[in-house]
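Student:
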Amino acid sequence: MSRSRPSLGTLLKHVHRSGPMSRTALAHRMGVNRSTIMALTRELTQAGLLEQQHVATHSGAGRPSLVVRPRTERAYVLAFDAGADRPAAARVGLGGHLLDRREADRPTHVSGPDVCEVLAMLGRQVQQSAAPGSACVGAAAALGAQPTAVGTDLQQMLGRPVAVGRRAQLAAIAERERGAGSGARDVVYLQGGDSVDGGIVVDGTILGRHDAHAVAIGHMLVDPQHGGPCPCGSSGCLDTKLGRNALLATAGRDPEASPRVAVRAMLCDAVAGDPTAAKAIATAGDWLGIAVVNLITLIRPQVVILDGTLRDLYQVAAEQVHARIAQHTTPDSRRLTDLRPGVLGRNAALLGAAELGFAAFLDNPLPCRGRAATPSAR
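Residues in the sequence shown are numbered from 417 upward in steps of one, following my numbering.
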């Protein structure tokens with residue numbers, strides 16, 4: 417008789433998120449006895465989703481421990497990043513392993529059906545490289561400024577359901593699960609680009625929805641008296657201080673063809689001693705520090721992760737950021753929160769989309785064939 421789907425899903429989630437572990441550790445985490453964990457792992461192993469291997473102890477004495485690990489190629493999801501400078505698609509296996517990744521050969525700023533055609537093409541390419549007998553168990557896309565209709569268009573082109581989420585929120589999930597925030601309970605993720613975006617994870621759950629009602633960190637009010645106007649209708653939002661064009665304007669620089677490249681050049685000039693660039697970066701560091709202070713005060717996260725332009729800014733202006741934090745937070749808050757740069761880079765949104773794509777499958781992993789699973793075509 418098949419075990420309860422919640423128990424099977426819980427076990428598979430532990431191995432998917434935490435990696436290889438012993439059956440004893442799994443039983444402890446799940447609060448079940450030895451015979452139950454043996455039956456659950458056996459069923460998932462027979463389904464081809466897990467494998468069990470004997471691993472010798474460090475001392476070499478005693479019976480080798482039986483370690484359970486995911487079979488990364490057996491079940492995978494298609495993950496898409498529609499909001500990147502170059503649209504990308506990936507095949508991501510159990511355990512969050514990036515099995516194949518493709519991106520468009522040219523930068524693109526189009527939206528709607530055009531970007532969907534590119535993503536669908538890339539998705540077919542990564543699926544073609546899948547091993548025989550493997551199964552696609554889900555698909556999800558990370559969106560930037562694109563409308564949520566992109567998910568519907570992509571679904572029609574691929575012939576399968578595609579979940580969608582905000583790019584920064586999905587990156588926050590990935591960094592918390594597999595990146596700079598790994599092991600932390602509460603994480604704030606800040607991503608700098610043309611605007612400031614991010615995500616807040618509390619007790620392992622992302623706050624807000626994956627649509628227009630998501631948490632809008634870029635519209636946090638930081639300078640209501642002297643700040644410039646924001647497209648949202650307010651004045652002095654964080655976007656007006658730390659968006660790429662705002663950073664460049666502070667130094668009197670033209671964004672040229674690529675604001676991203678221009679900001680990096682300004683950061684390099686600041687490090688090299690250019691006084692105008694250095695002053696602009698120091699000012700930006702102050703504003704970043706104020707934003708972090710607000711988030712520490714409200715959320716008290718264990719980790720604040722800085723990514724994109726804000727990661728680059730922090731590496732140059734860390735002194736200003738920490739000075740603001742020291743000035744406006746309590747010692748207990750400062751000890752609780754650690755500032756870290758993001759580590760997943762261009763794969764953060766893809767890996768976050770993969771977690772969204774895996775969600776339904778991990779809730780009910782058997783049978784892995786039929787239902788949402790689609791065997792890979794060769």
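By construction, the Cβ of each residue, glycine as well, lies at the ideal position given by its N, Cα and C atoms.
Only a predicted model underlies this, so the values are computations on that prediction, with no experimental measurement involved.
According to DSSP, is Arg-433 helix, strand or coil?
Tutor: Of the three classes helix, strand and coil, the one that applies to Arg-433 here is helix, per DSSP.
Student: Since I believe Val-603 is in contact with Arg-594 (beta carbons under 8 Å), could you give me their beta-carbon distance rounded to a whole number of angstroms?
Tutor: Not really, about 12 Å apart at Cβ, beyond 8 Å.
Student: Relative to the C-alpha of Ala-769, which candidate in Ile-589, Glu-489 and Asp-610 has its C-alpha closest?
Tutor: Among Ile-589, Glu-489 and Asp-610, the Cα nearest to that of Ala-769 belongs to Ile-589.
Student: Count the other CB atoms within 10 Å of the CB of Val-582; is the residue buried (16 or more) or exposed (fewer)?
Tutor: Note that residue 582 corresponds to Arg in the displayed sequence, not to Val. Buried, by the Cβ-count rule.
Student: Opposite Thr-621 in the DSSP bridges: which residues?
Tutor: Answer by DSSP bridge pairing, in chain order: Val-618.
Student: Where does Leu-760 land, buried or exposed, given buried means 16+ other C-beta within 10 angstroms?
Tutor: Classification of Leu-760: buried, given that the 10 Å Cβ count is 16 or more.
Student: In angstroms, rounded to a whole number, what distance separates the CA positions of Val-578 and Gly-773?
Tutor: Near 8 Å, if we compare the C-alpha coordinates of Gly-773 and Val-578.
Student: Would you report the Cα separation of Arg-787 and Ser-438, rounded to the nearest angstrom?
Tutor: For Arg-787, the predicted structure reports a pLDDT of 42, less than 50, and the residue's modelled location is therefore unreliable. A value from the coordinates is still provided. Rounded to the nearest angstrom, the two C-alpha atoms are 30 Å apart.
Student: If you reduce the DSSP assignment to three classes, tell me which class Cys-653 lands in.
Tutor: Looking at Cys-653 - three-state DSSP - the assignment turns out to be strand.
Student: Taking the C-alpha atoms as reference points, what is the distance between Arg-676 and Gly-609?
Tutor: Looking at the two C-alpha atoms, the distance is approximately 7 Å.
Student: Rounded to whole angstroms, what is the Cα-Cα separation between Asp-569 and Leu-606?
Tutor: Going by the C-alpha atoms only, they are around 29 Å apart.
Student: Return the CA-CA distance between Phe-496 and Lys-429, expressed in angstroms with no decimal places.
Tutor: Whole-angstrom Cα-Cα distance: 22 Å.
Student: On the DSSP letters alone, give me the boundaries of the beta strand (DSSP E) that Glu-519 sits inside.
Tutor: 513-519 is the span of the beta strand (DSSP E), which, as asked, contains Glu-519.
Student: Here's the rule I'm using: 16 or more other beta-carbon atoms within 10 Å means buried, otherwise exposed. How should Ser-451 be labelled?
Tutor: Classification of Ser-451: exposed, given that the 10 Å Cβ count is below 16.
Student: Where do the N-terminal and C-terminal ends of the beta strand (DSSP E) with Pro-486 fall, by residue?
Tutor: It spans 481-486 - the beta strand (DSSP E) in which Pro-486 sits, taken as one unbroken run.
Student: Specify, as a first and last residue, the run of the beta strand (DSSP E) that His-470 falls within.
Tutor: Its beta strand (DSSP E) spans residues 466-471.
Student: Tell me, to the nearest whole angstrom, how far the beta carbon of Arg-445 is from that of Glu-467; I am working on the premise that it is less than 8 Å.
Tutor: The Cβ separation is near 19 Å, so there is no contact.
Student: At a threshold of 7 Å, does Arg-583 count as lining the ligand PLP (C-beta to nearest heavy atom)?
Tutor: As for the ligand PLP, it is missing from this structure, which has no ligand bound.
Student: Which word fits Asn-449, buried or exposed, when buried means at least 16 other C-beta atoms lie within 10 angstroms of its C-beta?
Tutor: Its Cβ having fewer than 16 others within 10 Å, Asn-449 is exposed.
Student: Touch check for the segment 492-509 and the segment 548-561: three-plus C-beta pairs under 8 Å?
Tutor: Taking 8 Å as the limit for Cβ pairs, the verdict is that the segment 548-561 does touch the segment 492-509.
Student: Let me check understanding here. Comparing Cα to Cα, which of Thr-746, Ala-775, Gln-731 and Cys-653 lies closest to Gly-758?
Tutor: Of the listed residues, the one whose Cα sits closest to Gly-758 is Gln-731.
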